[in-house]
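Below you'll find the structure, written out as structure tokens, and then a few comments.
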Amino acid sequence: PPRPPPRARLAMAASAPTEWTLFYHPNLVGRAEFARLMFVVGGVEWQEPAISPPGKMFDAFAGGCAEENTYGAPVFAPPAVQKTGGPLVSQCAAIMQYLGRELGLCPSDSGDDARAMQVVLSVQDYISEGRSSFHPVNNLASYRTQVEEARVASGKWIAERAPKHLRHMERIYEANGGEFAVGTALTYADVAVAHALMATEAQFPEQYAQLKTGFPRLEAAKTRFVAMPSVAAYLASDKRLPWAGDSLM
């Protein structure tokens, strides 16, 4: 579906002060949703300023020339987050761990934190595989240039590869007692898993309806997550962007 034109958007009231900034492509759920959900669960406001022109997004972060990079140390690509006076942090797994520590969603035990990161990295593998199935001819080209090939490849992925990943995630919850991925409280690992499940359900509604019956602990964790008051309010608001519908994003 066509996307609305780029525009600056704030995740909370535009007049509210905020110390957190999320940099990403305008009007796209994408990988930035991991960070958005962390902000929502952590109960903090954030802003998403548009990079103008949008095509300069990567140059601004990579620092193609000194005057372009005004955000701190260069990062490869968005999403990236920054707290006022703090470092610019990119890469979804690093962002989630960083926000987890800042917002009280990180295990206090170093071993549990390592396990949480392990879960998040597995989720990133899952999302990356799923996205790639929508770009089977050329991973850098638009989905719209390879629609028929993507239909076949994504159908094969959701039927064959996705269940293996979901089975692994189900076992993680089973091994930890069923309610959380790590420890005895919600962490950034649970946020990552919940987003992966929501993305799968949005992209493959019919297949997910069948898949979820085989992974009751995962589905229960997602159900609890979306029922959290802050998450439910966010999902029902216009702050929640529509799914692109062409790559788990």
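Counting from 1318, one number per residue, gives the positions in the sequence shown under my numbering.
Each residue gets a CB set at the ideal place from its N, CA and C atoms; glycine is no exception.
Nothing here was measured: the structure is a model prediction, and the numbers come from that model.
Going by DSSP, name the residue or residues bridged to residue i.
| i | result |
| --- | --- |
| A1397 | F1340 and S1407 |
Would residue i pass as a contact of residue j if the rule is Cβ separation under 8 Å?
| i | j | result |
| --- | --- | --- |
| V1454 | Q1441 | no |
| L1565 | R1448 | yes |
| P1396 | L1339 | yes |
| H1512 | L1354 | yes |
| A1509 | V1406 | no |
| L1345 | L1558 | yes |
| G1359 | L1422 | yes |
| V1398 | W1474 | no |
| F1393 | D1563 | no |
| E1362 | T1335 | yes |
| A1516 | I1444 | yes |
| V1357 | V1548 | yes |
| W1560 | Q1524 | no |
| P1343 | A1367 | yes |
| E1477 | F1532 | no |
Since residue i is in the alpha helix (DSSP H), which residue starts that stretch and which ends it?
| i | result |
| --- | --- |
| H1485 | A1479 to A1492 |
| E1518 | Y1505 to Q1520 |
| G1472 | V1464 to K1473 |
| D1429 | S1427 to S1449 |
| R1541 | P1533 to A1544 |
| M1355 | A1349 to G1359 |
Any heavy atom of the ligand SAM inside 7 Å of the beta-carbon of residue i?
| i | result |
| --- | --- |
| S1425 | Among the ligands in the structure shown, none appear at all, so the ligand SAM cannot be discussed. |
Check your understanding: Does the region 1529-1542 come close enough to the region 1467-1476 to have 3 or more Cβ pairs within less than 8 Å?
Key -> no
Practice item. Specify whether the region 1491-1510 and the region 1408-1426 touch according to this definition: at least 3 beta carbon pairs, one from each stretch, less than 8 Å apart. Key: yes
Point to revise | Touching by the beta-carbon criterion (3+ pairs, under 8 Å), the region 1521-1528 and the region 1399-1415 | key: no
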